[in-house]
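2 protein chains.
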Amino acid sequence: MSSAHSPSQNHLLAALPAAEFDRLAGHLELVPMPLGAVLYEPGEQLQHAYFPTTAIVSLHYVLESGASAEIAGVGNEGVVGISLFMGGDTTPSSAVVQTAGHAYRLERRLLKHEFDRAGPVLQLLLRYTQALITQMTQTAVCNRHHSVEQQLCRWLLMTLDRVPSGQLVMTQELVARMLGVRREGITEAAGRLQHAGLISYRRGHIAVLERSGLETRACECYAVVRTEIGRLLSDVKPRQRLSAVA
Amino acid sequence: MSSAHSPSQNHLLAALPAAEFDRLAGHLELVPMPLGAVLYEPGEQLQHAYFPTTAIVSLHYVLESGASAEIAGVGNEGVVGISLFMGGDTTPSSAVVQTAGHAYRLERRLLKHEFDRAGPVLQLLLRYTQALITQMTQTAVCNRHHSVEQQLCRWLLMTLDRVPSGQLVMTQELVARMLGVRREGITEAAGRLQHAGLISYRRGHIAVLERSGLETRACECYAVVRTEIGRLLSDVKPRQRLSAVA
DNA sequence: CCGCATGTGTGTCCCAGCGCACAGACGCCG
DNA sequence: CGGCGTCTGTGCGCTGGGACACACATGCGG
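Heads up: the sequence lines are chains H and C, in that order.
For the record, in the first sequence the residue sitting at position 129 is 864 according to our numbering, with numbers rising by one throughout.
For the record, in the second sequence the residue sitting at position 58 is 793 according to our numbering, with numbers rising by one throughout.
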């Protein structure tokens, strides 16, 4: 595993015109993202926006009761901290590192400055935000109407898109917390998937064996989000490595 | 009921600096919004953005199975058609008039133009968008964890904020479709609320009698969204008539 | 003012998912 | 290599909500 880091590992940054990219590059700071790290908590003033390269961040909402659910996930296709350029500065949700890795971060001030420029950077960020909105709406509908197994498949697929190896380091307990369901529900669903030969797992490690099987069992939500990301971020710079967007 | 229409009945428009407001005013077109009218369908290119004054619009998502759910609602505090300035042009969801009334609409081209100006108009729109995002995330979590009754209360309260009279024209069937639940579930929940003296209804009409009671029974989601709208849109222009924001 | 479409109230059955409780099983660390 | 913490499997009973099936109201249009 080569550890050569580059901002262009993040699709948003990679999609920027060279001039814009160069302008920002000097200000990007590579930071490690350990599992469980909290990038921000509800109402907290963000100091940086994070462009993940290998890390995956989960936008999470915790209710007063302690129950929680993932709102959306952000990997190397996006950025964490949209409220910085949206103007609200904070959000009622939090952001937690779901898969350890790295990200490039940009200071709050610099990002806010992008708003005034109203250039390609802002345009790209807003498009991404719309894709994120799609993800959120889909999550809302999915939560309402789809089974735990369908959602698990969707979640695995989305994570898979951000982890090329297909080897996820993830306990069932954590997955349950992501989806906002009972741990036992995941055990059962995952058991069925393993039995069907689609995945295999052992104590905190999940390996996807047959991606297509997951796609069959997943709800439409996965495809919708995937397609929408492709649509919104493709014509900015046609060739990204979103791979198999269909 | 005075039928004097004015763009300033929409809080976003009203919050604009005078110069900006005047610039747009000439291009705003007052349109009636009949119940059930579809402003856009999934994937459809929007031709206008709508700033409701008395109408309420429901952002809606319909699954392949036919099941559906409201993603968020837009009243005189907001605007329908954010994808126009976000850059995506279309969304996978649709927008349907949930309560008849009026709105001012603005042509696509003009709104897109606002993006390039990167002025107060865009800033306000983006802030509103963030509030909308909050509403969507809250919907997602609410769908996961809260009971039908709690959600009904939340929905009633949010609608109430947009209908000063407290007299809603709305069948249980429709409410059910909004929340993405069974009609019978609404019948039961509404029955309990009526029994408790909080609301009264008859064949397609719902009257709220005791707002505070609904607030008690609603989940936290209502307050979160309400507070966030207040926070995000208040310091643009302090005095809006969002009334009792708490 | 009658009738029928359209809302609303019930009741019954069923099941996914929750809460809880505990039994194994793995694997890391001393 | 042994022990313990963590993760996973399983078995309850319970319940909210879904699907379906009617019976009854209501009020609009003819």
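Glycine residues also receive a C-beta, built at the ideal position from the N, C-alpha and C atoms.
Residues within the segment 879-897 of chain H neighbouring chain C, beta-carbon criterion of under 7 Å: 879, 880
Thinking just about the alpha-carbon of each residue, which of H:742, H:851, H:779 is nearest to the one in residue 761 of chain H? H:742
Report the rounded CA-to-CA distance for residue 887 of chain H versus residue 792 of chain H, giving the unit in angstroms. 17 Å
Coil, strand or helix - residue 790 of chain H by DSSP: coil
Considering only the alpha carbon of each residue, which of H:745, H:824, H:909, H:759 lies closest to residue 795 of chain H? H:909
Could you please give me the residues that DSSP links to residue 934 of chain C through a beta bridge? C:943
Compute the distance between the beta-carbons of residue 871 of chain H and residue 875 of chain C, then report whether it is under 8 Å. yes
Nonlocal neighbours in the same chain, by C-beta distance under 8 Å from residue 776 of chain H, ignoring five residues either side: 829
Grab the span of the beta strand (DSSP E) containing residue 806 of chain H for me, first residue to last. 803-809
In this structure, what does DSSP give as the bridge partners for residue 900 of chain C? Answer is none; residue 900 of chain C lacks a bridge partner.
Could you confirm whether any beta carbon from chain C is found closer than 8 Å to the beta carbon of residue 977 of chain H? Residue placement at residue 977 of chain H is flagged as unreliable, the pLDDT there being 41, under the threshold of 50; the coordinate-derived value follows with that caveat. Not closer than 8 Å to any Cβ of chain C, the Cβ of residue 977 of chain H fails to qualify, so no.
Identity of the residue in H:960, H:951, H:946, H:902 nearest residue 936 of chain H by Cα: H:902
When you compare the CB of residue 780 of chain C with every CB in chain H, is at least one pair closer than 8 Å? no
I need the DSSP call for residue 800 of chain H, collapsed to helix, strand or coil. coil
Per-residue burial, residue 787 of chain H [other beta carbons within 10 Å of its own, 16 or more giving buried]: buried
CB of residue 827 of chain H within 8 Å of CB of residue 778 of chain H, strictly: yes
Just curious, the alpha helix (DSSP H) that residue 866 of chain C is in, first and last residue? 855-880
With a threshold of 8 Å on Cβ separation, who are the neighbours of residue 942 of chain C within its own chain once the five nearest residues in sequence on each side are excluded? 901, 902, 903, 934, 935, 936
Please decide whether residue 989 of chain C counts as near chain H, where near means a Cβ-Cβ distance under 8 Å. Absent from the model: residue 989 of chain C. The displayed extent of chain C is 736 to 981, so no value can be given.
Looking only at C-alpha atoms, which of H:857, H:856, H:836, H:805 sits nearest to residue 889 of chain H? H:805
Give me the DSSP bridge partner(s) of residue 764 of chain C. C:840
Reference residue 801 of chain C, options C:882, C:844, C:916, closest by Cα: C:916
Can you name the start and end residues of the beta strand (DSSP E) that residue 773 of chain H belongs to? 773-775
Going along chain C, which residues have a C-beta under 7 Å from residue 735 of chain H? Absent from the model: residue 735 of chain H. The displayed extent of chain H is 736 to 981, so no value can be given.
Determine the direct distance from the alpha carbon of residue 753 of chain H to that of residue 955 of chain H, and round the result to whole angstroms. 36 Å
DSSP three-state label for residue 826 of chain C, please. coil
Is there a Cβ from chain H that is less than 8 Å from the Cβ of residue 768 of chain C? no
Own chain residues within Cβ distance below 6 Å of residue 759 of chain C, not counting five before or after: none
Could you pull out every residue in the same chain whose Cβ sits closer than 8 Å to the Cβ of residue 847 of chain H, ignoring the five residues on either side in sequence? 819, 820
Do the CB positions of residue 751 of chain H and residue 857 of chain H come within less than 8 Å of each other? no
Out of C:810, C:837, C:882, point me to the one whose CA is closest to residue 895 of chain C's CA. C:810
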